[in-house]
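Written below as structure tokens is the structure these notes are about.
Numbering (the working numbering), first residue to last: 62 to 283.
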């Protein structure tokens, strides 16, 4: 696949018609890619993304900024500044709060629960959200895998067993070029295509919802 070249592209303003068209196009491509993957036979499918060897949950808790993601239907409402907050509950489940700024400038929040499904690595969970179809029950199959971590937990790559979803999380709104290089490598190691990821616009970070594979991240940050 030819990687897009944005050297001569006009800026994409968050909330603009162009930004929304890009997000809708990416969503359509993601749906068709998921359907195509589901049509393959089980014997032809490669192993799913592997979790990290061991997740230190205490270090993983707290606030994460979403810097890029494979577009999902629930992302459509979010224009910028998408964050996830994780806190340990008394029953040892993890409270999840996802927030973002909408296209109209308001705030959008959804609360859920992450339940550990893999005590060996501590890196695989079932995440549920009340009222969300197929994700309403707190018990269920793994749908959240921490597949890569940056040094000192400065960034994380999250996906699911099928590799259909993907989230680049960071402790800060922006990362340096070397960290982005490691993230690109981690996406490839997880068996994913970084062209399926769109930048999640973040105040103080990357401003445009562009395909991650086409970004001149290294040049822009130097």
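Ideal placement from N, C-alpha and C gives every residue a C-beta, glycine not left out.
Exposure label - residue i; buried when at least 16 CB within 10 Å
i	result
residue 264	exposed
residue 170	exposed
residue 267	buried
residue 218	buried
residue 259	buried
residue 205	buried
residue 142	buried
residue 153	exposed
residue 157	buried
residue 162	buried
residue 149	exposed
residue 208	buried
residue 126	buried
Residue i: CB within 8 Å of a non-hydrogen atom of the ligand PLP
i	result
residue 185	With respect to small molecules bound, the structure shown includes none, and the ligand PLP cannot be examined in it.
Between the CA atoms of residue j and residue i - distance to the nearest angstrom
i	j	result
residue 242	residue 231	14 Å
residue 275	residue 256	7 Å
residue 213	residue 195	34 Å
residue 229	residue 261	9 Å
residue 182	residue 155	16 Å
residue 222	residue 144	22 Å
residue 270	residue 233	18 Å
residue 237	residue 244	11 Å
residue 146	residue 272	25 Å
residue 226	residue 216	17 Å
residue 220	residue 187	12 Å
residue 173	residue 117	21 Å
Residue span of the beta strand (DSSP E) that contains residue i, given as start and end
i	result
residue 235	No beta strand (DSSP E) holds residue 235; DSSP gives it neither H nor E.
residue 220	216-220
In DSSP terms, what residue i is bridged to
i	result
residue 205	186
residue 155	149 and 175
residue 134	Note: residue 134 sits in no beta bridge, so no partner.
N-terminal and C-terminal residue of the alpha helix (DSSP H) that residue i is part of
i	result
residue 119	118-121
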